[in-house]
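Worksheet for the structure shown next.
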Amino acid sequence: MTLPTEAQEAIRSFGISIEDYMLPVHGRVPQIQILDEAGSLRPEDERGSAPGHEYPIPAAEDLLEAYRRLVIGRRVNDQNSALVRQGRMAVYPSSHGQEACQVAAALCLGAGDWMFPTYRDAVAVMTRGVDPVETMTLFRGDWHGGYDPHEHKVGIQSTPLTTQLLHAVGVAHAAKLRGEDTVVLAMCGDGATSEGDFHEALNFAAVFNLPVVFFVQNNQYAISVPLAHQTVAPSIAHKAVGYGMAGERVDGNDAAALLAVLDRAVRLARAGSGPLLVEAYTYRMQAHTNADDATRYREDDEVAAWAEKDPLKRMREYLRAEGVLGEQTETAFAADAEETARQLRDGLGAEAQPDPQDLFRFVFTEPTPQLREQAAFLAEEQAREQSTDETTGEERRA
Numbered sequence: 022m023t024l025p026t027e028a029q030e031a032i033r034s035f036g037i038s039i040e041d042y043m044l045p046v047h048g049r050v051p052q053i054q055i056l057d058e059a060g061s062l063r064p065e066d067e068r069g070s071a072p073g074h075e076y077p078i079p080a081a082e083d084l085l086e087a088y089r090r091l092v093i094g095r096r097v098n099d100q101n102s103a104l105v106r107q108g109r110m111a112v113y114p115s116s117h118g119q120e121a122c123q124v125a126a127a128l129c130l131g132a133g134d135w136m137f138p139t140y141r142d143a144v145a146v147m148t149r150g151v152d153p154v155e156t157m158t159l160f161r162g163d164w165h166g167g168y169d170p171h172e173h174k175v176g177i178q179s180t181p182l183t184t185q186l187l188h189a190v191g192v193a194h195a196a197k198l199r200g201e202d203t204v205v206l207a208m209c210g211d212g213a214t215s216e217g218d219f220h221e222a223l224n225f226a227a228v229f230n231l232p233v234v235f236f237v238q239n240n241q242y243a244i245s246v247p248l249a250h251q252t253v254a255p256s257i258a259h260k261a262v263g264y265g266m267a268g269e270r271v272d273g274n275d276a277a278a279l280l281a282v283l284d285r286a287v288r289l290a291r292a293g294s295g296p297l298l299v300e301a302y303t304y305r306m307q308a309h310t311n312a313d314d315a316t317r318y319r320e321d322d323e324v325a326a327w328a329e330k331d332p333l334k335r336m337r338e339y340l341r342a343e344g345v346l347g348e349q350t351e352t353a354f355a356a357d358a359e360e361t362a363r364q365l366r367d368g369l370g371a372e373a374q375p376d377p378q379d380l381f382r383f384v385f386t387e388p389t390p391q392l393r394e395q396a397a398f399l400a401e402e403q404a405r406e407q408s409t410d411e412t413t414g415e416e417r418r419a
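Start counting the sequence shown at 22; every next residue gets the next number (our numbering).
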């Protein structure tokens with residue numbers, strides 16, 4: 022097997038074979054997990070650790086910040102779901118139960134790195150630093166994607182499945198050609214791995230040895246289609262081997278494990294070892310969107326079982342046991358979450374004031390003659406209507 026020199030050097034540094042490097046952790050422990058479902062630290066030999074798959078526990082301050090973001094993320098999910106019911110948003114794909122994936126995805130990146138999210142990754146986008154109201158503007162139906170991708174180095178949340186992976190690979194390729202120190206995190210769900218764009222993105226990234234971390238949130242269902250109807254591979258992470266890249270599987274409800282795995286994946290990609298595929302094994306607790314009836318394709322017992330694996334509860338119990346999280350800090354985090362919820366309520370509750378000229382202003386960098394003509398015609402109509410309104414108003418006052 023031919024691998025880039027940088028990847029071969031990384032493998033040699035682990036003292037393992039190419040196969041052991043590329044294959045996700047396997048054997049008695051099927052995924053990387055640092056905290057068990059009760060929030061207790063697992064014994065070292067039960068974390069999935071193996072040569073080339075060794076992950077130290079993140080620093081306490083990093084875990085505390087991750088927990089703060091988890092609290093905010095859960096409140097964001099609940100608030101956005103309420104805003105949909107109130108008619109302030111058209112649709113919302115909740116990541117309730119997947120907040121650990123969302124938070125870790127954003128926190129593992131450096132300031133100069135890029136993130137390409139899916140439609141379900143609003144919490145990750147906010148954690149990256151995008152204004153909450155701008156993040157949710159897309160789901161309200163207002164003003165394009167709501168935020169400037171270049172300002173935050175966050176692609177617009179993608180509704181078509183998997184198209185963002187190709188965009189991510191393109192940015193990584195451009196960064197490599199320019200000699201920039203940039204890692205790209207490309208996010209998708211388990212359903213997206215059945216799309217052709219998934220294959221094309223991974224194959225191109227591997228062939229050109231690009232600094233991309235493909236992060237798959239396997240939440241068990243592509244809308245109503247279970248994973249078993251999409252693939253019979255041992256795991257999604259195993260698919261990495263076919264592209265000549267390393268794959269890893271991690272407990273998607275264990276924020277500590279996610280931080281450790283994604284942090285190392287980003288470091289390896291930055292060092293030139295090529296792209297990596299990380300699968301987070303998690304669960305979508307709520308419906309696909311507010312337009313979905315999840316009770317038609319899954320049982321309540323299944324949902325209840327995953328509720329016991331709540332990432333917030335797990336991290337809270339661990340931090341409390343370690344003496345890192347106290348009541349005062351919990352109160353402060355809750356206040357941060359409520360402030361974010363208030364911003365969402367106020368921002369999405371305000372009536373938008375669209376400018377009709379935006380129909381022409383942002384189509385091309387340099388407007389065509391036809392667009393200029395149409396824009397001028399509309400401007401004349403607007404001026405005529407305004408003049409008529411002002412005249413009518415004067416007549417009424419008289």
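Using N, Cα and C, we set each Cβ at its ideal position, and we do this for glycine too.
- The secondary-structure analysis by DSSP pairs F137 across a beta bridge with A207.
- Counting every other CB atom within 10 Å of its CB across the protein chains shown gives E269 a total of 16 or more, marking it as buried.
- Relative to V253, the option among V287, N101, F219 and D211 whose CA is nearest is D211.
- The beta carbons of F137 and H188 sit closer together than 8 Å.
- Looking at the DSSP output, N311 bridges to nothing.
- By the CB criterion at 8 Å, G265 and A213 fall outside the cutoff.
- Counting only residues of its own chain and dropping the five nearest sequence neighbours on each side, Q251 has a CB closer than 6 Å to the CB of S215.
- Per DSSP, E269 is not a residue of any alpha helix (DSSP H); the beta strand (DSSP E) it occupies stretches across A267 to D272.
- For Q185, the closest of A125, A121, V205 and F229 by C-alpha to C-alpha distance is V205.
- Judged by DSSP in its simplified three-state form, S294 adopts coil rather than helix or strand.
- For V253, no beta strand (DSSP E) run applies, since DSSP gives it neither H nor E.
- S34 and A143 have their alpha carbons spaced roughly 37 Å apart.
- Around the Cβ of A371, a 10 Å sphere holds fewer than 16 other Cβ atoms; the residue is exposed.
- Only residues of its own chain outside the window of five on either side were considered, and among them Q238, G273, L279, A301 and T303 have a CB closer than 7 Å to the CB of C122, listed in chain order.
- For Q238, there is no enclosing alpha helix (DSSP H); the enclosing beta strand (DSSP E) has its first and last residue at V233 to N239.
- Between L91 and L340, the CB-CB gap reaches or exceeds 8 Å.
- For H220, the enclosing alpha helix (DSSP H) covers residues G217 to V228.
- In terms of Cα proximity to A125, the closest of E40, G166, L198 and A277 is A277.
- Per DSSP, reduced to three states, the secondary structure at L56 is strand.
- Taking every protein chain shown into account, the CB of E120 has 16 or more other CB atoms within 10 angstroms, so this residue is buried.
- Listed in chain order, the non-local C-beta contacts of L365 below 8 Å within the same chain comprise V97, Q100, N101, L104, P153, V154 and M157, local neighbours out to five positions each way being set aside.
- No Cβ-Cβ contact shorter than 8 Å links T203 with P170.
- For S34, the enclosing alpha helix (DSSP H) has its first and last residue at T26 to F35.
- Beyond the five residues adjoining it in sequence on each side, A127 comes within less than 6 Å, by CB distance, of A145, T148 and R149 in the same chain, given in chain order.
- A contact between stretches requires three or more CB pairs, one per stretch, nearer than 8 Å, and the segment 371-381 meets this requirement with the segment 396-410.
- Our two residues, S294 and R199, have alpha carbons roughly 18 Å apart in a direct line.
- Nearest to P114 by alpha-carbon distance, out of L44, A249 and T139, is T139.
- Counted as a single uninterrupted DSSP element, the alpha helix (DSSP H) harbouring V324 occupies residues D321 to A328.
- Here H309 is buried: its Cβ has 16 or more other Cβ atoms, across all protein chains shown, within 10 Å.
- Bounds of the alpha helix (DSSP H) holding G191 are T184 to R199.
- M43 sits away from V345, with the two beta carbons spaced by 8 Å or more.
- Around the beta carbon of A243, 16 or more other beta carbons sit within 10 angstroms, so the residue counts as buried.
- According to DSSP, A301 shares a beta bridge with Q238 and V271.
- For the pair R305 and G94, the CB atoms are not nearer than the 8 Å cut-off.
- Here R363 is not near G60, since their CB atoms are 8 Å or more apart.
- Within the same chain, and ignoring the five residues on either side of I32 in sequence, the residues whose Cβ sits closer than 7 Å to its Cβ are I39 and Y42.
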